[in-house]
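Numbering (the numbering used here), first residue to last: -18 to 167. We put the CB at the ideal spot given by N, CA and C, even for glycine. What follows is a set of notes on a single structure, which appears directly below.
Now the structure itself:
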């Protein structure tokens, strides 16, 4: 029987995102001002400078929108796909990992996994619900993924990781919820 679960996590706005947006806006305004000045100096090329100003405004808007990022986690059987969604328009696959080959995973508290070749950041930048998983990837070698999963996704992943890596606290909450559901039926 196949299992499927997905979750979208919106990346919170950080200071560097605000700085990027401000820089794009200022740079766009300066370039438009430059083309308007050239338009007054060389009136014969007015259409070219107007099109260039419009292009700068469009490019500024595209760059501004590129600072809005979401991550989508898709768990299908034992594969976790991480997609990056930019401005709700463009989608890019960051990585696909097999959770049944996990070497370590858990809630992140300190850097426990040394010797990692690739680190993938796909979390909401809140750092309160930050989890990691370390696994061997056929293409990238040893990979560490930081992500911000929901409780339901964690419980589904807990069933797919190797038995030695399973988290007891996730099993207990699942067992407690099953007992509550059984009591509610009575």
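Own chain, CB closer than 7 Å to residue i, minus 5 neighbours either side, in chain order
i	result
residue 12	37
residue 105	-10, -9, -8, -7 and 129
residue 14	none
residue 142	80, 81, 83 and 86
For residue i, the three-state DSSP class (helix, strand or coil)
i	result
residue 115	strand
residue 82	helix
residue 69	coil
residue 9	helix
residue 26	helix
Own chain, CB closer than 8 Å to residue i, minus 5 neighbours either side, in chain order
i	result
residue 60	77, 78, 79 and 80
residue -13	53, 54, 55 and 56
Element boundaries [alpha helix (DSSP H), containing residue i]
i	result
residue 103	Element bounds for residue 103: not the alpha helix (DSSP H) but the beta strand (DSSP E), 99 to 103.
Bridge-paired residues (DSSP) for residue i
i	result
residue -14	56
residue 77	62
residue 43	Bridge partners of residue 43: none, in fact.
residue -9	51
residue 36	Residue 36 pairs with nothing; no bridge assigned.
residue 87	113
Chain-order list of residues whose beta-carbon lies under 6 Å from that of residue i (same chain, five-residue window excluded)
i	result
residue 115	84, 85, 94 and 125
residue 44	5
residue 62	55 and 77
residue 20	27 and 30
TODO: Could you tell me which uninterrupted beta strand (DSSP E) segments, each at least 3 residues in length, are contained entirely in the region 119 to 158, listed from first to last along the chain?
DONE: 122 to 128
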